[in-house]
Structure formats: structure tokens, C-alpha cells
Amino acid sequence: MKVLVTEAISDNGLEILRQAAPVDVRLGLKGDELVAAIKDYSVLVVRSATRVTAEVIEAADRLRIIGRCGVGVDNIDVPAATRRGVLVLNSPYGNTQAAAEHTISLMFALARNIPDAVAAMRAGQWERNQFVGTELHDKVLGVIGFGKIGSEVTRRAQGLGMDVVVFDPLLNRERARNMNVEVVELEELFGRADFISFHVPLNRHTHHLLNAERIELLKPTARIINCARGGVIDEAALAEALHRGRVAGAALDVWEHEPPFGEHRSPLLDAPHVIPTPHLGASTAEAQENVAVDVARQVLEAWRGEPVQGAVNLPALEAEEHRRLKPYLTLAEELGVFLAQLSAGGRLDRVEISYLGRLHDAPTAPLTRAVLRGLLRTFHGDDTINYINVPSVVEERGIQVSESRSMESSTYHSVLRVRVSGEGVEHVADGSCFGADPRFVALDGYPFNIVPEGHLLVWWNTDQPGVIGKVGTLLGDAGVNIAGMQLGRDAIGGRAVSIVEIDSGLEQPLIDAILAIPGMLDVRTVDFSNGQTSGVRLALPVSAGD
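First residue of the sequence shown: 7, per my numbering; consecutive thereafter.
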């Protein structure tokens, strides 16, 4: 591991990284300079000023992790990183207190006209009647986005006696009740709120969330606060509304173009009743320390293959859920490896994953990625496929993936079933866990109890006498020891399947000899001994919860 840091972070954060790897601090690298430099590094640590573009990521053959010291990742091309299998980390909680406090500070400043009053005093003007404000007590605060920062702002506002209404499509209703907030639609929030605070990321869904049309829904006394991301507000539309008195005031810490000067000068800087600050939400000594240390620790955890809580382009699991599902994550990947080797030489078109019994209510995204990683990494012999980029690989190769859930499970309390199909491919395997130990419990409808380790010989044949003996003779003559064997058939004289645990792999001439036995339909070998599932370099993240 070799780390490149392109922006100033705390000494403690740097020291954590330096204890594990060489660290180069090269402040201000941008554009072509960054493209040229990045090829030598496996980890890149940035704040908000460094633009990590697709060009940068494409030039970074060794890059495995991008750490963002802060929350917003709009300066990083996350889709490009995901396609390359690069983990993007941020620090979603390190600056929570600072951002929440700055939001409340701006709300106070807006309510009491503090910046204008200060300016008047400095100009020698004693204009008390010009700066009559409004109280926050009994006012309605509209919070858009109820993540960590939004909920912290809510707690502080409730302490001031404000009523809080929230818009967040992902907000759990039980959590809303516990926080004593009312969940409303966006248009209703705009119509009811006296103060409106944004706490959402910038993406195609949130760009210009407050636009000219929605401004017309606001009360004339409404005041806007944005400490989230520039671009969620249409600055030109808001400036025009402020000039004509349609909105009472606005305080912004983030801007569509930063800095908002020169050719990108924001019209809000020339509008009345605006409090502008230069992106200070995370600018406290404590926050800068927190995010640097947090990201540094996560970088090392991810590099060791341990769970992380700040992964941007991986599904997260709650800590307790991760402990419960950890054996099934291993099982899922091993099922993928198993089915890939049984299907070698065919064309994979469809993967169907079923979560049965107690797995019916499990978070499926991590388990599905584990199945697909094991399957595609082995099927295509591509070691670059990991948990991060496997959805992109599936999409690029036109493989259809479906999930289903059922509380019913015939024999075991939890079953993970994977069916693969395509040209020359049709298999289904079931797996379960006995405590922390993964087991394969069925193949193509036949019950088995197989430990996924070492070498397996799998064959299908017409059910007739002598097949097993002939296979055993061939193996014995080749010096291959049999450790265990399990059999299944659908009917007397029908189709039979055998799974044999062997102590070593088989050479192709021996496989051909087995396939030539009369009545033999297909022969496959499966190798779990090469560690394909044992070294997940970039592990699934653990969520600390909200």
C-alpha cells in the first residue's frame, strides 16, 4: 500500500496512515498533474478541493481506495470508481456536530438580522428599528434530508421550542415517531415551514430541489438555510425572489460554483437579506481532526479486508446484522465459485437468488454481491471483479439477476438458493450454515451435505451398476485418494449425481477417462483450495446506524 494525500489533513490522521504505509503529501495536485502522479499509488486521500475525475481514476492502475475527509463526494466520480472496483470512503459522522451547529448559527443570524446589524454598527449607525427580528420558538422548521446532520439539527431546533416537519423518502416511520417529527411531502413542507434547512447530497434527484416553481409555494416570511451542497438550490431563482420580497431571507454556506466569484459569481451575493459564508460547515478544529482520523482508520480497515462504516459505493450492514450474516456472506461467495466451475464452458445469462426461511428478511444486497462476485470472478477468470464493481460487470455482460424471498424452507431454518442458467448452463445449488460453518445442502434438487473446501469431483450419469466402481478404479490407479462421497438419483435407472471429496486436483486426461465411462453424462471438478473466497480485500461496510 502507498498513499497519496493531496490536501491538508490533521497530523494525527497522517500518523495513522504512516504507521501502516508510505505516505506522500503533495498539496494542490490537480488535473494533468494528478493524472500523472496517481499511477504510483493504491490509496488517495482528499478533501473537497481535489477533483477526482474519471480520467484520474482510469490512469490509476494500482488505485484501490479513495478516502474523502468529509461527507460530500461530488468532487469524486463515484460511478467511474465503482466500474474500476475502487472503494470510495467518506467520514459521514466526523463533522456532524460542526455542520449542525453552523446550521443553527445561521438560523439565529437570519432570525435576528445579526450580520446587517453588525455592519450598521461598524458604519456608525444606531438603527435598532431597522433590525427587528423574529423568534425561533413556536416556528416551524422544515428539514429536507434526515440523515445524521439533519437529525442533529432537529434535536437542537426542538430544544429551542421549534416544531419540525421532515421530507425524506428513506425515513423510517418508527424513527420519525421516536424523534417526534412529522413526515410530509416536499410541497407541503415548502408551504408550512418558517425556516427550511437542506441536508441532502447533490445528485440528479436533488439538483435545484428549490427552484422558481417551488419558491412560489413558500411563505413570504420563509427563510432558507443551506449547509448541505451547492446546487440543491437554484441560486438565480432564489436571488430574484429575494429582490422582490417573495422570501424573507437566506443563509448559504455552500455554492453551485465554489468560490462563487468572477465568471461564476452567484447572484445571491448581490441579493438583499442574504448571509453568505465560505463553506465553513466542517471548519472547526474538532471536525477537521475527526474526519482525518476517521478516514485514515477506515482506509487501513478496508485494506485489511475488515468491515468499514463509511463506504459510499458498497451496501452497508448494521454491526449486529453483519455478525449474524458473516457466515452467509462466505457461503454466498462459495456458492458462486461452486456454480461457476460446474458451468464452465457455457454461457451465463441469468442468476436467480432465493432467500428462504430466516433469511427472508435479511438485507440481500451484500449477499447478492457476494454470490455474484464468486460466480463471475471464477466463471470469467477475472481477479479484478470485487464487491464494488460486480454490479457494473453484471450490467456490462447483460446478465439478468433476480431475487426472491420466502419464509418457507423445507429442511433447514435458513437457505440460500442460487440458480444459474444460459446456453449450456442449468444448475441450482442450496446452501445453509451450521453455526458459523457453511454447507452445500442440495445440488440440482438432490440433497447433500458438503463442506465447501479442498477439491470436489462432481459427475452426472445414467443410474446403472458399475459406474462408481469404474470411477474409483481410475482414481486409485492415478493415486488420487477419496476422502468422502455422497450420491443422489431421481429414480431407479434415471439420472444420478455424485459428489466426491478428493485430496488433490485431477489432470485433464483423467477427467476425459472418467467422462468416457459408459452412461457418464458430464464430469466437473471444483477447486476451493486456491483461496478464491478467502481474501476479500475490500470488505462489506458496517453501518454505525443513525
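Idealized CB from N, CA, C, for every residue including glycine.
- Counting the other CB atoms within 10 Å of its CB gives Q406 a total below 16, which places it among the exposed residues.
- Under the DSSP assignment, S157 falls outside any beta strand (DSSP E), being part of the alpha helix (DSSP H) whose first and last residues are 154 to 165.
- Rounded to the nearest whole angstrom, the C-alpha separation of R57 and V187 is 37 angstroms.
- Leaving aside the five residues that flank L33 on each side, the residues in its chain whose CB is nearer than 7 angstroms to its CB run, in chain order, T12, E13, A14.
- Listed in chain order, the non-local C-beta contacts of L331 below 8 angstroms within the same chain comprise L323, A368, P369, P372, L373, local neighbours out to five positions each way being set aside.
- Buried is the label assigned to F344, since at least 16 other Cβ atoms lie within 10 Å of its Cβ.
- DSSP lists no bridge partner for F534.
- For F196, no beta strand (DSSP E) encloses it; the enclosing alpha helix (DSSP H) starts and ends at 192 to 198.
- For T479, the three-state secondary structure derived from DSSP is helix.
- As a beta-bridge residue in DSSP terms, S504 pairs with W465, L493.
- Secondary structure of Q470 (DSSP, three-state): coil.
- In the three-state scheme derived from DSSP, where H, G and I count as helix and E and B as strand, H143 is classed as coil.
- Within the same chain, and ignoring the five residues on either side of I391 in sequence, the residues whose Cβ sits closer than 8 angstroms to its Cβ are G91, R379, L382, R383, V399.
- By the Cβ neighbour-count rule, H328 is buried, with 16 or more other Cβ atoms within 10 Å of its own.
- Here E513 is actually not in contact with G460; their C-beta atoms are around 17 angstroms apart, not less than 8 angstroms.
- Nearest in C-alpha terms to K36, of all of D30, I44, V29, is I44.
- Taking each of I488, V434, S416 in turn and checking the Cα distance to V424, the smallest one comes out for V434.
- Rounded to whole angstroms, the gap between the alpha carbons of K154 and T160 is 10 angstroms.
- Annotated as proximal: V305 and L23, with beta-carbon spacing under 8 angstroms.
- Per DSSP, reduced to three states, the secondary structure at L216 is strand.
- Around the beta carbon of R235, 16 or more other beta carbons lie within 10 angstroms, which makes this residue buried.
- The DSSP-derived three-state label of A442 is coil.
- Within the region 62 to 127, the runs of beta strand (DSSP E) at least 3 residues long that lie entirely inside it are, in chain order, 71 to 74, 93 to 96.
- Secondary structure at L449: strand, using DSSP grouped into helix, strand and coil.
- In this structure L274 touches P282 by the C-beta definition: roughly 7 angstroms separates them, less than 8 angstroms.
- Per the coordinates, the alpha-carbon of D122 lies some 11 angstroms from the alpha-carbon of G139.
- By the CB criterion at 8 angstroms, G237 and D259 fall outside the cutoff.
- S48 sits in coil when the DSSP states are folded into three classes, being neither helix nor strand.
- Rounded to the nearest whole angstrom, the C-alpha separation of I110 and N96 is 24 angstroms.
- In this structure, the straight-line span from the alpha carbon of F440 to that of S420 is close to 10 angstroms.
- The residues V189, in chain order, have a CB closer than 8 angstroms to that of R179 in the same chain once the five nearest residues on each side in sequence are set aside.
- Our two residues, M413 and W466, have alpha carbons roughly 31 angstroms apart in a direct line.
- In the DSSP assignment, F201 falls outside any alpha helix (DSSP H) and lies within the beta strand (DSSP E) extending over 201 to 204.
- For the region 219 to 273, the full-length alpha helix (DSSP H) segments reaching 4 residues or more read 241 to 249 along the chain.
- Here R530 has L348, V464 as same chain residues with Cβ atoms under 6 angstroms from its own Cβ, once five neighbours each way along the sequence are excluded.
- Its chain contains E358 as the residues whose beta carbon lies nearer than 6 angstroms to that of S408, once the 5 sequence neighbours on both sides are disregarded; these appear in chain order.
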